[in-house]
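K.L.:
Okay, here's the structure, questions in a sec.
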Amino acid sequence: MQSDSAETAQAGTLGHASRGSEAAAAPGVLVILGASGDLTKRLLMPALYNLACDGLLPAEFAVIGMARRPLDTTAFREQQRQDIQRFHTRRDFDADRWAWLESRLHYTSGEFGDPEAYARLRDTVLAVGGDSGAAGNTLLYLAISPEFFQTVNGLLDEAGFTQLPGSRKIIVEKPFGKDLDSAVALNRSLLTHWREDEIYRIDHYLGKETVQNLLAFRMANGMFAPLWNAAHIDHIQISATETVGVETRGEYYDKTGVVRDMLQNHLMQMLAYVCMELPTSLEPSAVRDEKSRLLRAVRLFDPASAARDCVRGQYGAGTKADGSAALGYRQEPNVDPESNNATYAALKLHLDNDRWAGMPVYLRSGKALWKRGTEIVVQFKPQPGDGGEPNLLIFHIQPFQGVEIRMQAKRPGPAFELQRAGMRFDYAETFEATRGTGYEVLLYSALNSDPTLFSRTDFVEDSWRIVQPVLDLWKDTRAADFPNYMAGTWGPLAAHALLARDGRRWHECITRDVLLRSEFFANAPAVLLNNLTLACQPRAVEAGATVVERGEQSSDLYVVCRGELEAIGGSGERLGVVKAGECFGEMALLDNRPRNATVRAVSPCDLLVLAAADFRRIVQDFPQAEAEFRRIAAQRR
Ligand code: BG6
55 MQSDSAETAQ
65 AGTLGHASRG
75 SEAAAAPGVL
85 VILGASGDLT
95 KRLLMPALYN
105 LACDGLLPAE
115 FAVIGMARRP
125 LDTTAFREQQ
135 RQDIQRFHTR
145 RDFDADRWAW
155 LESRLHYTSG
165 EFGDPEAYAR
175 LRDTVLAVGG
185 DSGAAGNTLL
195 YLAISPEFFQ
205 TVNGLLDEAG
215 FTQLPGSRKI
225 IVEKPFGKDL
235 DSAVALNRSL
245 LTHWREDEIY
255 RIDHYLGKET
265 VQNLLAFRMA
275 NGMFAPLWNA
285 AHIDHIQISA
295 TETVGVETRG
305 EYYDKTGVVR
315 DMLQNHLMQM
325 LAYVCMELPT
335 SLEPSAVRDE
345 KSRLLRAVRL
355 FDPASAARDC
365 VRGQYGAGTK
375 ADGSAALGYR
385 QEPNVDPESN
395 NATYAALKLH
405 LDNDRWAGMP
415 VYLRSGKALW
425 KRGTEIVVQF
435 KPQPGDGGEP
445 NLLIFHIQPF
455 QGVEIRMQAK
465 RPGPAFELQR
475 AGMRFDYAET
485 FEATRGTGYE
495 VLLYSALNSD
505 PTLFSRTDFV
515 EDSWRIVQPV
525 LDLWKDTRAA
535 DFPNYMAGTW
545 GPLAAHALLA
555 RDGRRWHECI
565 TRDVLLRSEF
575 FANAPAVLLN
585 NLTLACQPRA
595 VEAGATVVER
605 GEQSSDLYVV
615 CRGELEAIGG
625 SGERLGVVKA
635 GECFGEMALL
645 DNRPRNATVR
655 AVSPCDLLVL
665 AAADFRRIVQ
675 DFPQAEAEFR
685 RIAAQRR
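This is the structure:
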């Protein structure tokens, strides 16, 4: 295991050293191939505009757009001027800063397969570079479909781009290959034209402040260093859940699936930052070496372990968070009506190195789920005094951005009672930074020839190597149970079983808005809500499952997030139904008496369970809230 002193390696700025002083980036010409596409207007131009507003672009800077569309520079500028109004991310639009950037935009049209177009582009790059003083640093951004990568790189090479004076970079977007073999082939092909240090592979998760902060957190907060190993950490969960389905992206997604779309890239990047050995410096190669070393420590699945430790899911018709109907995956446009493609995956990984031996890492990601949220939960080992509530360290990547420690605190009062509490660092309360697109730091780093935040060949290939056995298994076997989760729910039950088998559970970071959907909590004070979000535990049940049994003494309270349940009386008669947004169990809880009805799930349900003891402790401080609960309960009765 690495010594603790190495854990506290010199903190600094991830990315180029000059970021520390927030100096303008190095001069350069950014060529966007495929400039008429979505990426340019939604992300690249707003990011450049943000950099311009923050004074982080040099005066010697130019952008050259190239696409098939027969525009001239004037028309291109006009188009960008319209688009930026829609897609900029700042509160107010600064017309002067935009004018500054717009005057640096140029355009040349051409077909991607036409050698002449590249000769013209080269002449434009040389001319614009000379006029603007930005020559000698050329960035070629391939904002094009990956099927053109090979052709375009060959033609760029033929046109002399690989020999341009000064520094040259080729920037490529994901997907980087569709499996291990194609990724290796693509790398080989790129490397015949460019040197490794000229290839900048983008993973937009590395542009997120909260992802970069994972490394900063570990490097700069030495108190966690001695605990960062399997002796103190029970397991780690990395979750990236989305509420959106595939919508208009069916054609791409049905060939891709969640493992290629999210796990092979974004989740592997987060895994690397959380678990790698800390680099001895912030030199790009030092950081990238450690990331790759970590991926190589991931135990590779064989067919048996993949079948045992990987769960796949596909959504069926359900309900969106706003209550409207959601299509099932197979009904989405451009999706095969019999598709076997996974829109959800949960994997259990093992890291075979000294630091993490024996400690699992669980990854999960999915579309059309109940909540949008990317979170990393580090669960520490239980301690004798923690009352069965081990400490959690939670990195909230998005949409809430922050770091939280879940701990236990003594409740105010004469008795020595513990209650779950949270210590939070909230980005919004701490920093004034304007919310960007995430591409700012990537473009800035590329201009500065800093590859730290880009994926190197070995990282890409190692991450494909990890997921390839899963892809193979899932390609070769049809999932008989698809669709196996309803849109808008917490994913397939098998994903919960994966952890339950190990005596663990997924930590759902419950937000207040989930509780506010229920009439019981709609008027609850903020402090009460906060305590309730910490106390609620998620539970998923299958259709037909009995949740509470008539006559039973238990008195936990249930909040229904999704699905429908029925209450059944003593003679088997149906007393009523309980739907999403409602609660049940409040009578047994408030009056401390046995259950007067059996409650059974009619459809698969996602519930939040509030243990009776937690509820009583929490409401003690809020007598009015308890009175309100009683009033609502009496009304329902
Ligand atoms: C992209 C995937 O790479 O990441 C999308 O192709 C996914 O399917 C997106 O929605 C998620 O990114 P973010 O930044 O919203 O978490």
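Those letters in the sequence shown? Residues 55 to 691, by our numbering.
The C-beta atom is built at its ideal place from N, Cα and C for all residues, glycine as well.
Within the continuous beta strand (DSSP E) that includes S192, where are the two ends?
P.N.:
A small fix is needed here, since residue 192 is Thr in this sequence, not Ser. Counting along the chain, the beta strand (DSSP E) containing T192 begins and ends at 191-196.
K.L.:
If contacts are defined as beta-carbon pairs under 8 Å, then A541 and G372 qualify, I think. What distance do you get, rounded to the angstrom?
P.N.:
Sure, about 3 Å apart at Cβ, within 8 Å.
K.L.:
Once you ignore the five residues that flank H286 on each side, which residues in its own chain have a CB closer than 7 Å to its CB?
P.N.:
Cβ neighbours of H286 beyond the five flanking positions: F434, K435.
K.L.:
Does DSSP classify C329 as helix, strand or coil?
P.N.:
Here C329 sits in helix by DSSP.
K.L.:
Look up C659 in the DSSP assignment and give the residues it is bridged to.
P.N.:
Partner(s): V595.
K.L.:
Can you give the beta carbon distance from E636 to V614, rounded, assuming they're within the 8 Å contact cut?
P.N.:
5 Å between Cβ atoms; contact.
K.L.:
Is A590 helix, strand or coil by DSSP?
P.N.:
Going by the sequence as given, residue 590 is Cys instead of Ala. C590 falls in the coil class under three-state DSSP.
K.L.:
Taking the alpha-carbon positions, what's the A681 to R145 distance?
P.N.:
Cα-Cα distance, rounded: 43 Å.
K.L.:
On the criterion of 16 or more Cβ atoms from any shown chain inside 10 Å, does V313 qualify as buried, or is it exposed?
P.N.:
Answer is buried; the Cβ neighbour count reaches 16.
K.L.:
Three-state secondary structure (DSSP) at D177?
P.N.:
Helix at D177.
K.L.:
Per the DSSP calculation, S378 is bridged to which residue(s)?
P.N.:
S378 is not bridged to any residue.
K.L.:
How far does the beta strand (DSSP E) with K221 in it reach, from first residue to last?
P.N.:
Inspection of the sequence shows that residue 221 is occupied by Ser rather than by Lys. That run of the beta strand (DSSP E) goes 221-226.
K.L.:
In this structure, how does DSSP classify C364 when only helix, strand and coil are distinguished?
P.N.:
Strand, per DSSP.
K.L.:
If I'm right that A294 touches M316 with Cβ under 8 Å, what's the distance once you round it to whole angstroms?
P.N.:
That belief holds up - the Cβ atoms of A294 and M316 are roughly 6 Å apart, short of 8 Å.
K.L.:
Indicate the three-state DSSP secondary structure (helix, strand or coil) for F449 in the structure shown.
P.N.:
Three-state DSSP puts F449 in a strand.
K.L.:
Would I430 pass as an interface residue toward chain C - the criterion being a Cβ-Cβ separation below 7 Å?
P.N.:
Of the protein chains in this structure there is only one, and it is not chain C.
K.L.:
Compute the beta-carbon to beta-carbon distance between D406 and R353, rounded to the nearest angstrom, for a pair I have assumed lies under 8 Å.
P.N.:
Sure, about 5 Å apart at Cβ, within 8 Å.
K.L.:
Thinking just about the alpha-carbon of each residue, which of D356, V632, V663, E603 is nearest to the one in R649?
P.N.:
Looking at the Cα atoms, E603 is the closest of the given residues.
K.L.:
Beta-carbon within less than 6 Å of I672's beta-carbon, same chain only, minus the 5 sequence neighbours each way: which residues are those?
P.N.:
Within the same chain, I672 has close Cβ partners N585.
K.L.:
According to DSSP, is C107 helix, strand or coil?
P.N.:
The answer is helix: DSSP assigns C107 an H, G or I state.
K.L.:
Should L583 and F676 be called a contact, given that it needs their Cβ atoms to be closer than 7 Å?
P.N.:
Not a contact, by the Cβ cut-off of 7 Å.
K.L.:
With DSSP collapsed to three states, give me the class of Q455.
P.N.:
Three-state DSSP puts Q455 in coil, outside helix and strand.
K.L.:
Return the first residue and the last residue of the alpha helix (DSSP H) that K345 is part of.
P.N.:
Start and end: 338-351.
K.L.:
Buried or exposed: E494, going by 16 or more other Cβ atoms within 10 Å of its Cβ?
P.N.:
Buried, since its Cβ has 16 or more Cβ neighbours within 10 Å.
K.L.:
Is the beta carbon of D480 within less than 6 Å of some heavy atom of ligand 1?
P.N.:
No.
K.L.:
Do G697 and M120 have their C-beta atoms closer together than 7 Å?
P.N.:
Here the chain comprises residues numbered 55 to 691, so residue 697 is not present and cannot be evaluated.
K.L.:
What whole-angstrom Cβ distance do R342 and F513 have, given they're in contact under 8 Å?
P.N.:
Their Cβ separation, rounded to whole angstroms, is 7 Å, which keeps R342 and F513 in contact under 8 Å.
K.L.:
So does D315 have its beta carbon nearer than 6 Å to some heavy atom of ligand 1?
P.N.:
Because some heavy atom of ligand 1 lies under 6 Å away, the Cβ of D315 counts as near it: yes.
K.L.:
State the start and end residues of the unbroken beta strand (DSSP E) segment that holds S293.
P.N.:
Per DSSP, S293 belongs to the beta strand (DSSP E) from 287-295.
K.L.:
Three-state secondary structure (DSSP) at F485?
P.N.:
F485: coil per DSSP, three-state reduction.
K.L.:
If we count the other Cβ atoms within 10 Å of its Cβ and call it buried at 16 or more, is L552 buried or exposed?
P.N.:
Buried.
K.L.:
With V601 and L401 assumed to form a contact (beta carbons below 8 Å), what rounded beta-carbon distance in angstroms separates them?
P.N.:
Rounded, the Cβ-Cβ distance is 29 Å, inconsistent with contact.
K.L.:
Could you tell me which residues DSSP pairs with M461 in its beta bridges?
P.N.:
Answer is A475, bridged to M461.
K.L.:
Under 8 Å Cβ to Cβ from A197, same chain only, skipping five residues before and after it: list those, please.
P.N.:
I86, L87, G88, A89, G91, L93, T94, L98, E227, listed in sequence order.
K.L.:
Work out the CA separation of A576 and D567 for me, nearest whole Å.
P.N.:
Their Cα atoms are separated by approximately 9 Å.
K.L.:
Excluding the five sequence neighbours on either side, which residues of its own chain have a C-beta within less than 8 Å of the C-beta of E618, listed in chain order?
P.N.:
These residues qualify, in order along the chain: V631, V632, K633, A634, A655, V656, S657, C659.
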